[in-house]
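Protein chains in written order, with our numbering: chain A, 19 to 119; chain B, 170 to 703; chain C, 306 to 984. I have placed the structure first, in the form of structure tokens, so that the comments after it can refer back to it.
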């Protein structure tokens, strides 16, 4: 029988993969993908926990909302990356020091 | 506000006026300074006229004239007692002649400053400040007040030498300043010591009043400087002796004595003419005045104890200064050393502890005040014209500057003690007084008087030698025809300063009672104070 | 006279002194415009008239008159000044006046057309004032003042031609040598003041003075022991003063040099009056001296007399001979004082004043003509040198006559004034020597020798200058010749020549006791008179003089001069036994060297101590500075640096990379979790 714990375990795995991609990848697009993975891990958790709200389905609705938001964020993110590429001619985050003091 | 306060603080008004006027009114500064010094001289002469010579002063407050007393600082210090500092000024026979002398020499100094064009504002302002300080020193009867004026005097002099001086002016200014400060800093210690030893008999509080310090019964029993019952000792030396020596050295630096004299030739040579005039004319007298007013009056016991050594120092200063003057090739330096020699007579006379000796010393101070001022002025005349003072660069000046030569010859002869001029009376009575010391058993042997009179001979030697080298013979100048045309004879302003000075030296030499009449009672009183300890 | 001049002799004597002073002041004010000298002349004429016709007759052989005023009070002592008129002082004042007047007249012609003439008259009047005041001073301190003032006037007049180096050297020397004496005088005054308590001459030496115990009826309480050592010292000190002023050996060295001044000045100041002031002073304070000092005075006087005479023997400069002669004669006067016969000293002072002044004036007339010739012909020679003269009696007979009279007086020839006065001293010395016996006889014998030497050197001067042939005779022509001196010069000379004869002083021309001067001043001497000495001493002197003249005539006019030019003894005498050189080396140079050395000490040692002190302070300051920089500031810096390094380490986190930041945040988060877990 698949319990809530299994869902949460999968979700944690996805989050960790996303986290790894964000921290370690040398490509902005891969980082974006990592972010998406982390968001999806969160969405998975929403859906899994929605079993405790059988009247309003708040979890499912919030998941849908988050998917839409994520889609929008990806669009914005891609646009930023495009602009970064234009500015630095690279999308490797190592080569960008503008935040340094 | 009494007459003395006006006399002291009048220059401060001039100072304010000079500072307030904008720089565009540059040319008016000297007139302001002149006006105020003339006024000051007028007041000084008025005071002189109204001074009663019969009142002795010295250690009796009621005998002081033109007395002003006001509480100045009153502080309750708890356990230590009450701090009592008075604004106490007054005149007796010892300070009066010096006040008149100061007013006169200041006027001369301003007259000699006529051609100062390097920032005249600061110059005249400092001169006025110096004037106030000098007057204050001679009037102050409260030791604290005395010290304040004494220190205030240093400040303008430092700048006057350091800014308006010659090539090595910074060196000379610092040397002068540090030397004097060295003495006065230690003086402060003694002042504090005296303060804690003496109480005011009326209020019971400790006091800075010098007259209270002169009365042995005002000393707290067992205090540091007390001396009725028993002497406090430090390392086996009586504390009073230490106090006396420290005070003596503070003033001796000013006199100056050999070997503390080396600031003087440097300061004189580097200082501008007017400052040399004031330095020699007034400031050296502060040393002699301090020894009489402070060292001798407050420490009469030690005065009687140490006078042999003081006289020895006087003799050394006379002979050493004279011989050094003989070796000089710079005219101004020669005169500076002659000052050392002549001030040695002052010390010798003071140390003789006879009425003739001390009166002679006072007279010598007055006379040296005029004559050294005139001498430095005369050097200034020639330096103004060709910016050279080297004796061997001039020869036969009598041929091209007859009036100048006449003045130089008169002042030289006056300085070397020609009868008819004031220095003669001073020196002769110092010698006679010192000689008399043996009859009075004050402990000065006669050979000291004889050694002192050898100084008279040497002063004739260096003055005449200089006359011969610089003024007589065929005219020959280092600078050739350029100098010959630059060396014009005395102009009207210079004559206006010199003639009154020379006539004063002459008048004082012919009518010495002008000074002695005011001085005698005080000197006899001073002798009375010291006599019990001999 | 009283009706004519309603003033007391006291006031008149003050007036006598003040008139020249007034002349001095007027000329000082007028300055260069006043060159005629009429003001000085008028002043001295009035002074002389007053002195001769009013003060002198009123006081001479009358009671002394005094005037005392308090000058000033010092301590408890009232210093009096005033006038003391007695035989001695009025005599001296009269002598000064009577000598000064002819010299003034003479100067008018002699100094004519000199460029600095206004100074000459000014200084001359100043001198007359000081000298005339000196004579009548009542107080030793007052005497000292005028004593120095005459020295000052003499300084000015010796250096009158101040462009001449030798003149300036000479006046410096004169003043300095006199200064030595002045110091002696001053110390003497101090000694008397401290032991007796007064400087008033009447109280010290008057009829009832402290030093005159013989007349104590006025209840004088203070009697000074004659042998008190301070009294000896005081006597020596005063004598030192007199030695310098009266050019006694070895302080005589200034007088020959002083001849650099105008000859008229030499005649007045350095022959007749000022140099005699020392003798006058000793006469004034005579009672002070005890036997020791008197003996010393006599010895020094004798030494001076003989040395002056020897130095005079070989001189070539006409004025130098006269100068040394003056020194020698002053020595005679000193001997007079030393043997106690100060009346004789004053007598000789009086006669000497006339004949020596006359000698100088005659010499001046000769020099004047010689200088004139030199200027006219553009020659280069010394107008004062005897070698350039000779045979002048043909050109200047009156001058020659005057000079001969003066020379006879100087040599002490009978019938002249000099005979009387010189005899009085030599005879007195002889009596004194005989009384004391033994080696004391050396003094009169020396004096006799000196007298003969005197006759010889003055004879030599006359022979060389006025006899023989004139060296420049061939240069003279009708256009320019050596002429007799002008009337203005001649008249004073003739007047003085008349005064050189014995009748001016004594109607009995062979006995000095009969002289009015000796009777007026009469001094009772301790030794008995030897009547025979009055006979044979003058005879010896006269014969000696005549013999010496004969020798001189043989040597100098007959060209039988026995010595070679380089004779050592002559050289020695000419150079005053090298006394000047000795002084130069021993005293002047050593003082100069000492002063140089002391200046070196002053700069290097005394000022060096200052530097040392400064350097010490500076080094301490540097050490403290090092300490401050490295230790105290080091601590502060350490704190700052460690903070910096710490910050530097953490700084790496802030690398500007988003991933880094996120990683860091994650690390912290994990650490937080770990903390929570472990807790």
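Glycine included, each C-beta is placed from N, C-alpha and C at the ideal position. All values reported here derive from a predicted model rather than from experimental measurement.
Check	Outcome
Distance between beta carbons of residue 457(B) and residue 515(B), contact taken as under 8 Å	5 Å
Chain-order list of residues whose beta-carbon lies under 7 Å from that of residue 838(C) (same chain, five-residue window excluded)	732, 735 and 736
Per-residue contacts from residue 41(A) into chain C (C-beta, under 8 Å)	964, 967, 968 and 971
Of the listed residues 28(A), 93(A), 22(A) and 105(A), nearest to residue 58(A) (C-alpha basis)	28(A)
Listed by chain order, chain B residues near residue 449(C) by CB distance under 8 Å	588 and 597
Nearest neighbour of residue 600(C), chosen from 645(C), 570(C), 967(C) and 326(C) [CA to CA]	645(C)
Beta-carbon neighbours of residue 614(B), restricted to chain C and to distances below 9 Å	Simply none; closest approach about 13 Å.
Same chain only: Cβ atoms within 6 Å of residue 522(C), ignoring 5 sequence neighbours per side	Low per-residue confidence applies at residue 522(C): pLDDT is 43, beneath 50, and the placement is therefore not dependable enough to give any value.
Contacts of residue 788(C) in chain E (Cβ-Cβ under 8 Å)	Any reference to chain E falls outside this structure, whose protein chains are A, B and C.
Rounded Cβ spacing between residue 285(B) and residue 333(B) (contact assumed at less than 8 Å)	7 Å
DSSP-derived helix/strand/coil call for residue 654(C)	helix
Counterpart residues of residue 234(B) in DSSP-defined beta bridges	260(B)
Outcome for residue 283(B) when other beta-carbon atoms lying within 10 angstroms are tallied against a minimum of 16	exposed
Cβ shell of residue 67(A) (< 8 Å), same chain only, five flanking positions each side left out	22 and 77
Neighbour-count burial assignment, residue 631(C), 16 or more Cβ in a 10 Å radius	buried
Cut-off 8 Å between Cβ atoms - residues of its own chain near residue 32(A), not counting five sequence neighbours on either side	55, 56, 58, 59 and 62
Residues from the stretch 642 to 668 of chain B in contact with chain C, defined by Cβ distance under 7 Å	642 and 643
Residue-level contact to chain C via CB, residue 604(B), 8 Å cutoff	yes
From 332(C), 358(C) and 956(C), residue whose alpha carbon lies closest to that of residue 313(C)	358(C)
Cutoff 8 Å: residue 112(A) Cβ touching any chain C Cβ	yes
Listed by chain order, chain C residues near residue 493(B) by CB distance under 7 Å	900, 903, 904 and 907
Residues, ordered as in the chain, of the stretch 454 to 477 of chain B that lie near chain C by beta-carbon distance below 7 Å	none
Residue 843(C), buried or exposed, once every other Cβ within 10 Å from all chains shown has been counted against 16	buried
Ranges of the alpha helix (DSSP H) found wholly within the stretch 616 to 665 of chain C, counting only runs of at least 4	623 to 643
Distance between beta carbons of residue 430(C) and residue 317(C), contact taken as under 8 Å	Going by Cβ atoms, the distance from residue 317(C) to residue 430(C) rounds to 19 Å, so no, they are not a contact pair.
Three-state class that DSSP yields for residue 218(B) in the structure shown	helix
Any chain C beta carbon closer than 8 Å to residue 323(B)	no
C-beta neighbour in chain B for residue 455(C), strict 8 Å	no
DSSP-derived helix/strand/coil call for residue 406(B)	strand
Beta-carbon gap between residue 408(C) and residue 436(C) smaller than 8 Å	no
The stretch 537 to 553 of chain B / the stretch 475 to 482 of chain B touching (three or more Cβ pairs under 8 Å)	no
Three-way DSSP call (helix, strand, coil) for residue 671(C) in this model	helix
Test: residue 630(B) CB closer than 8 Å to a CB of chain C	yes
Residue from 467(C), 556(C), 885(C) and 474(C) with nearest C-alpha to residue 643(B)	467(C)
Strand pairing of residue 377(C), partner residues [DSSP]	384(C)
Pick from 498(B), 674(B) and 551(B) that is closest to residue 900(C), judged by C-alpha positions	498(B)
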